[in-house]
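Undergrad: Sharing a structure with you now.
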Amino acid sequence: MSLGEVLKDALDRNERYMIPAVEGLSRDQLMLRPAPESNPIGWLMWHLSRVQDYAVSTLSSEETEWVKGEWYKHFNMAPDPGYRGNGDSNEQVDAFSAPSAQILIDYYKAVRQNTDKFLNSLNESELDRMVPPVRGTDLVPLRERLPGIMVESIHHGGQVSYARGALLGRGWLDA
Numbered sequence: 674m675s676l677g678e679v680l681k682d683a684l685d686r687n688e689r690y691m692i693p694a695v696e697g698l699s700r701d702q703l704m705l706r707p708a709p710e711s712n713p714i715g716w717l718m719w720h721l722s723r724v725q726d727y728a729v730s731t732l733s734s735e736e737t738e739w740v741k742g743e744w745y746k747h748f749n750m751a752p753d754p755g756y757r758g759n760g761d762s763n764e765q766v767d768a769f770s771a772p773s774a775q776i777l778i779d780y781y782k783a784v785r786q787n788t789d790k791f792l793n794s795l796n797e798s799e800l801d802r803m804v805p806p807v808r809g810t811d812l813v814p815l816r817e818r819l820p821g822i823m824v825e826s827i828h829h830g831g832q833v834s835y836a837r838g839a840l841l842g843r844g845w846l847d848a
């Protein structure tokens, strides 16, 4: 199994819980907060998709799906390819208006297609390729950026699944 296949498998496993946690939710349910300062499912799903989209576009020198696919229009947001919600205040999260659950899922899946294309292109020698960092200006080896894509997706995917159970109870996922 190649490195790209291993990373894609981790994302696939995360999606087995994350996607069903979002499916069928109303816009009101997508915007419920488990606690006053916790992020709602809709915002989390948008954010994790934006982070993955931005990271992969930066690493592959491709345009973000956000701009290329004009997804920003579905979210009534600006086409800013770099904005992904990092550090958003409670007021900014409150101002976010989730589109339908299906649009959130469709955007994620479009991003994931780009991620898979990128991961399929990886080989061992590319891990030493110098790429832009998440923060700062000094380039870093690609091997230091790849784990961040996985951690961000799995971390927030778990939050989405947990929030679904916390807000709506058990029984939403067939084990």
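Just so it is clear: in the sequence shown, position 70 is 743 by the working numbering, and no numbers are missing. Note that beta-carbon positions come from the ideal geometry of N, C-alpha and C, so glycine has one too.
1. On the CB-based measure, 16 or more other CB atoms within 10 Å of its CB, does Arg818 come out buried or exposed?
2. Quickly, what does DSSP pair Pro814 with across the bridge? List them, please.
3. Please tell me whether Leu680 and Leu815 are closer than 8 Å, where the distance is taken between their beta carbons.
4. How about Leu795: is its C-beta nearer than 8 Å to some C-beta of chain C?
5. Look at the Cβ atom of Pro713, then the Cβ atom of Leu703, and state whether they are nearer than 8 Å.
6. Determine, using beta carbons only, whether Pro707 and Leu812 come nearer to each other than 8 Å.
7. Quick check: the Cα distance between His829 and Ser734, rounded to an integer number of angstroms?
8. Rounded to a whole number of angstroms, what is the C-alpha to C-alpha distance between Gly758 and Glu825?
9. Between Ala836 and the rest of its own chain, which residues show a CB-CB distance below 6 Å, the 5 nearest in sequence each way excluded?
10. Just to check my reading of the structure: Leu846 and Tyr690 have Cβ atoms closer than 8 Å, yes? What is that Cβ distance to the nearest angstrom?
11. So, Thr788 versus Val729, is the Cβ gap smaller than 8 Å?
12. Quick check: what's the CA-CA separation for Glu797 versus Asp767?
13. Pull up the CB-CB distance for Val784 and Glu738, whole angstroms please, since I reckon it's below 8 Å.
14. Using DSSP with H/G/I as helix, E/B as strand and the rest coil, what is Thr731?
15. Inspect the beta-carbon positions of Ala774 and Gly697 and report whether they are closer than 8 Å.
TA: Let's see:
1. When all chains shown are included, Arg818 counts as buried.
2. DSSP, once it has assigned bridges, lists Met803 as partnering Pro814.
3. No, the pair does not count as a contact, with Cβ atoms beyond the cut-off.
4. Considering every chain present, this structure includes no chain C. It has just one protein chain.
5. With respect to Leu703, Pro713 sits close: the two C-beta atoms are nearer than 8 Å.
6. Contact flag unset, no.
7. Taking the CA atoms as reference points, His829 sits about 25 Å from Ser734.
8. Approximately 13 Å, taken between the alpha carbons.
9. Once the five neighbours on either side are set aside, the close Cβ partners of Ala836 are Pro707 and Ile714.
10. That pair is a contact at about 7 Å.
11. Going by C-beta atoms, Thr788 is nearer than 8 Å to Val729.
12. Rounded to whole angstroms, Glu797 to Asp767 spans 43 Å at the Cα level.
13. Indeed they touch by this definition, with Cβ atoms about 5 Å apart.
14. Here Thr731 sits in helix by DSSP.
15. In this structure, Ala774 places its C-beta atom within 8 Å of the C-beta atom of Gly697.
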